[in-house]
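2 protein chains.
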Amino acid sequence: MAVASIGEFELIDRLIQRLRQTRSDGLLIGIGDDAAAWKPSSGCLTVATTDSLVEGVHFDLATTSWRDLGWKALAENVSDIAAMGCEPRYALIALALRGASSLVDVEELYEGIGACAEAYHFAVVGGDVVQSTQLAINVTLLGESMAVQPGSTDRPLLERSMARVGDVIAVTGPLGGSAAGLRLLLEGRADDDAAHRDVLEAHRRPKARVVAGRTLVEAGIRCGIDVSDGLVADVGHLCERSGCDAEIDADHVPVHPGARAAFGDEAIDLALSGGEDYELVCAGSADALARAGKLLRQRGEPPLTLIGSMVTPIDAGGKVRVRSFGGALMNLDREGYQHFDENREPEGG
Amino acid sequence: MAVASIGEFELIDRLIQRLRQTRSDGLLIGIGDDAAAWKPSSGCLTVATTDSLVEGVHFDLATTSWRDLGWKALAENVSDIAAMGCEPRYALIALALRGASSLVDVEELYEGIGACAEAYHFAVVGGDVVQSTQLAINVTLLGESMAVQPGSTDRPLLERSMARVGDVIAVTGPLGGSAAGLRLLLEGRADDDAAHRDVLEAHRRPKARVVAGRTLVEAGIRCGIDVSDGLVADVGHLCERSGCDAEIDADHVPVHPGARAAFGDEAIDLALSGGEDYELVCAGSADALARAGKLLRQRGEPPLTLIGSMVTPIDAGGKVRVRSFGGALMNLDREGYQHFDENREPEGG
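Just so you know, the protein sequences line up as chains A and B, in that order. Each residue of the first sequence is one higher than the one before, starting from 1303 at the first, in the numbering used here. Each residue of the second sequence is one higher than the one before, starting from 1303 at the first, in the numbering used here.
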């Protein structure tokens, strides 16, 4: 049955049923009024992010199931909230559907959305469904920080602009898994056996690091971002906003074991520039990182890996230098990086 | 110049410059981090709404300028916040653009967005720009209620579900203007002289009733909705959620004078079912409506017009009966209404 064959209101009713809504203490009004309403948690800051996924641009239903698409659309927003050191709370979802879309497919999409909401303890409180010639999902996700200490001007958030020269750079888990999974799918050689399962899962059902983000803030770290564009690009965002340059030791970057197994020495390229890993990369003092490491261990979270440091900028800041295995520099731009001739000076860093 | 010829980051920078950002006291982080962040106002509830406009479905650039489109996309969300009795605070905008879209056009769109943000005192704090084959704008708008009285369980909101049998139904201003303006445009007989100016303005630059919404709540009214689908359809939403039926006196419904001038006796049809007027329709006790009327007068707002009442439902509730000029009933459905034979009983109301 095509979605166009039932009315908008009935469609919304059917989709809502696919959401296994988690209890949300502060929620007063969910789906069905002019707006959702909730009571913000006492003393906490509110954070908000929005992202759109468009078919043919951000995803391809040839390599992504509807259910995984629902999960991913939400998980990438959860990751943005995690990258602020906050907890996701309330989601609004605007869906642009072709009239010919199958109701079963769209219900599958909502199964994926519901699974993500359940896993990360947020509620879907509103949305919009419109007709379009191109499938698109827009998600707005609201989150909350830890409570602000009374009388303090300190913001319990991870901000891109808060890195300082001398800060150590660390990452919350292995990189390159999602890119490896995508590459296997595109090359048509993915199979769901143990060898490929982990990287396919990393691509299809990425995990957001909510506990890690909150733990970094608790430990006193104030600068972080999630690895969505790729490690080098995302560290570049920290550098630009903080007015630093960064140096990363490529041999310290944790490479996803499944990426290593599938792509050997090329896996480091995927780890440096692959993107969509949704691990967090942060910058802070060695002391704060040590405190964070201890807290993460207590909470059963993966360890932090130290991968480099923030350095004095050569120009206005924003450059990322990656030292390769032999000690040579790689030249990098936002789109990724290129190997650099060992005997040449890096261009502007 | 086409938007595809400049990078996403440069495009966003150029668009931000078009926003004449109003000061926003609680805002901590605006555009440019993983998420925006703000401090919620003490004791207030947060409300959130999202709406998408898709080219060819919700608007047509043949009859809508880019600047007006920017205004309208925001204003209809402001109206949803007003319909909760709240003030708009923070907007997130996700734009799906064709690569061939003109940068000048998109900057015009942002001029309209900026004008609306300035008029209604909210800040654009985040967004996303993606490439698409079909132009679409998604807006998520966050607002805040008045402060909740300490110890009270009363919610200072206008909710669809809060009408009671016996409540009087009132509307904050004249209806049918937007539909009249659209019809003139579609019939190719719109001119911008005094006769048509007001209804064209009502269609192109609808106003949201933020002051009126807050005033209704202050006066103790707790049920309301904005007229976006059409008066009868929207009163129907109140009835469905509240378990009432409604009776509306068509001869009491305020018809936009410009609609009357352009369409004569047909203007009442536009007022009853035209939609996109963004006046508020509310239900409450006669006392509360009298208090609201007095406060609105003090604030220089248009008067409330009483147009009917909530009545005991015949079945499960949700039916709207409109009494026409001679006392006859009109039979109505969600999509609009049909004149009813004077000698027949209404079907289930």
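All C-beta atoms in this analysis are idealised placements derived from N, C-alpha and C, irrespective of residue type, glycine included. Computed from a prediction, not measured in an experiment: that's the story for all the values here.
| Query | Result |
| --- | --- |
| If you reduce the DSSP assignment to three classes, tell me which class E1312 of chain B lands in. | helix |
| Between I1527 of chain A and chain B, is the shortest Cβ-Cβ distance under 9 Å, so that the two count as touching? | yes |
| Following the continuous beta strand (DSSP E) through Y1422 of chain B, name the residue where it begins and the one where it ends. | From DSSP, Y1422 of chain B is part of no beta strand (DSSP E) but of the alpha helix (DSSP H) over L1405 to Y1422. |
| If you count every other CB in all the chains shown that lies within 10 Å of the CB of D1571 of chain A, and 16 or more means buried, which is it? | buried |
| Among all the DSSP beta bridges, which residues are the ones paired with P1390 of chain A? | A:G1445 |
| Mind checking whether R1516 of chain B and A1339 of chain A have CB atoms under 9 Å apart? | no |
| By the 9 Å beta-carbon criterion, what residues does the region 1380–1403 of chain B contribute toward chain A? | S1381, D1382, I1383, A1384, A1385, M1386, C1388, Y1392, L1394, I1395, A1396, L1397 and A1398 |
| Would you mind stating whether A1350 of chain A and G1428 of chain A have Cβ atoms separated by less than 9 Å? | no |
| Measure the alpha-carbon distance for I1616 of chain B versus D1547 of chain B and round it to whole angstroms. | 7 Å |
| The region 1340–1352 of chain B: which residues have C-beta closer than 7 Å to a C-beta of chain A, in chain order? | W1340, K1341, P1342, L1347, T1348, V1349, A1350, T1351 and T1352 |
| Could you check the C-alpha separation between A1398 of chain A and Q1600 of chain A for me, to the nearest Å? | 43 Å |
| Using 10 angstroms around the beta-carbon of L1488 of chain A, count the other beta-carbons present and answer buried if the total reaches 16, otherwise exposed. | exposed |
| Give me the Cα-Cα distance between V1431 of chain B and K1509 of chain B, rounded to the nearest whole angstrom. | 26 Å |
| Tell me, to the nearest whole angstrom, how far the beta carbon of R1511 of chain B is from that of T1455 of chain B; I am working on the premise that it is less than 8 Å. | The pair is not a contact, with the Cβ atoms about 27 Å apart (cut-off 8 Å). |
| From which residue to which residue does the alpha helix (DSSP H) around A1385 of chain B run? | Unbroken run through A1385 of chain B: none, as it is neither H nor E. |
| State the Cα-Cα distance for the pair E1520 of chain B and A1594 of chain B, rounded to the nearest angstrom. | 8 Å |
| Tell whether a beta-carbon distance below 9 Å holds between A1492 of chain B and S1354 of chain B. | no |
| Could you name the residues of the region 1359–1374 of chain A whose beta carbon sits closer than 9 Å to any beta carbon of chain B, in the order they occur along the chain? | V1359 and H1360 |
| Run down chain A in chain order and give the residues with a C-beta less than 8 Å from the C-beta of Q1433 of chain B. | V1356 and V1359 |
| How far does the alpha helix (DSSP H) with L1487 of chain B in it reach, from first residue to last? | G1479 to L1488 |
| Is it true that the region 1357–1371 of chain B meets the region 1607–1622 of chain A, where meeting means three or more beta-carbon pairs spaced less than 8 Å apart? | no |
| Using a Cβ-Cβ cut-off of 9 Å, state whether T1607 of chain A counts as contacting chain B. | no |
| Exposed or buried, F1680 of chain A, counting other C-beta atoms within 10 Å across all chains shown (16 or more means buried)? | The structure shown does not extend to residue 1680 of chain A, since chain A spans only 1303 to 1651, so no value can be given for it. |
| Residues of chain B with CB under 9 Å from V1427 of chain A, in chain order? | A1350 |
| Closer than 8 Å by beta-carbon distance: list the chain A residues that pair up with G1445 of chain B, in chain order. | A1337 |
| Against chain B, with Cβ distances strictly below 9 Å, would R1511 of chain A count as a contact? | no |
| Does the region 1468–1483 of chain B come within contact of the region 1553–1570 of chain B, defined as at least 3 CB pairs closer than 8 Å? | yes |
| State buried or exposed for G1358 of chain A, treating a residue as buried only when at least 16 other CB atoms are found within 10 Å of its CB. | exposed |
| With burial defined as no fewer than 16 other Cβ atoms inside 10 Å of the residue's Cβ, what is the status of D1362 of chain A: buried or exposed? | exposed |
| Can you list, in chain order, the residues of its chain with a C-beta nearer than 8 Å to that of H1498 of chain A? Leave out the 5 residues immediately preceding and following it. | G1483, L1486, A1492, G1560 and A1564 |
| Does any residue of chain B have a CB that is nearer than 9 Å to the CB of D1430 of chain A? | yes |
| For S1404 of chain A, which residues from the same chain have a beta carbon less than 8 Å from its beta carbon, with the 5 sequence-adjacent residues on both sides left out? | M1303, A1304 and V1305 |
| Pairing CB atoms from the region 1370–1383 of chain A with CB atoms from the region 1410–1418 of chain B, are three or more of them under 8 Å? | no |
| Against chain B, does S1544 of chain A count as a neighbour if the rule is that its beta carbon must be under 9 Å from one of theirs? | no |
| Going by beta carbon distance, what residues of the same chain come within less than 6 Å of T1352 of chain B, once the five residues before and after it are set aside? | T1442 |
| Which bits of chain D does R1625 of chain A rub up against, with CB to CB less than 8 Å? | Absent here is chain D; the protein component of the structure consists of chains A and B. |
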